[in-house]
Amino acid sequence: MLNYLHMPSTNTNTNTNTNLLTQQILNFLFSRRAFAWRNNTAGIFDPVRRIYRTSPKRGVSDILACYKGHFLAIEVKSPADRLSEDQESFLSNVASAGGHSFVVRDLDTFVEEFSRVFPSSAVDNSTVDNFI
1 MLNYLHMPST NTNTNTNTNL LTQQILNFLF SRRAFAWRNN TAGIFDPVRR
51 IYRTSPKRGV SDILACYKGH FLAIEVKSPA DRLSEDQESF LSNVASAGGH
101 SFVVRDLDTF VEEFSRVFPS SAVDNSTVDN FI
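In terms of the numbering used here, the sequence shown opens at residue 1 and continues consecutively.
Here's what the structure looks like:
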């Protein structure tokens, strides 16, 4: 199921915002005993060949997780960011294969959507502050 979660943010530091949001989502998933990791798709510099080696698969989501036997692909975006074609394709493929795909712009909305997809894991909104 492809879920687009949008909510405006007042912070203009996109890199810090998305890094913090990524960590908050991971903390939330870990608290639910999910197996989750931040997927680094940035190129790595090869000093011998003096080039950047890119990821073999483009568009892979920022966070990949397995929760109670369900695969999750979570793309973290700032309010101004848009999905690339490769990211849209990856999320669509995950959903087509029976996984859950999320585009997340803020923690509260992610927690609400996660609780909707996994009702037995619903949380009291007051506990969301623990992941900030």
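Where a beta carbon is used, it is the ideal one built from N, C-alpha and C, also for glycine.
- Leaving aside the five residues that flank residue 18 on each side, the residues in its chain whose CB is nearer than 6 angstroms to its CB run, in chain order, 76, 78.
- Excluding sequence positions up to five before and after residue 52, its CB lies within less than 8 angstroms of the CB of 43, 44, 45, 46, all in the same chain and listed in chain order.
- Within a 10 Å sphere around the beta-carbon of residue 92 sit fewer than 16 other beta-carbons, which makes this residue exposed.
- When Cβ pairs closer than 8 angstroms are counted between the two stretches, the region 34-42 is seen not to touch the region 81-101, the count staying below three.
- Inclusion of residue 110 and residue 65 in the CB contact set at 8 angstroms is not warranted, their separation being larger than that value.
- Between residue 58 and the set 115, 86, 121, the nearest pair of CA atoms involves 86.
- Look at residue 111 here: in three-state DSSP terms it is helix.
- Measuring C-alpha to C-alpha distances from residue 90 to each of 61, 20, 67, 38 identifies 61 as the nearest.
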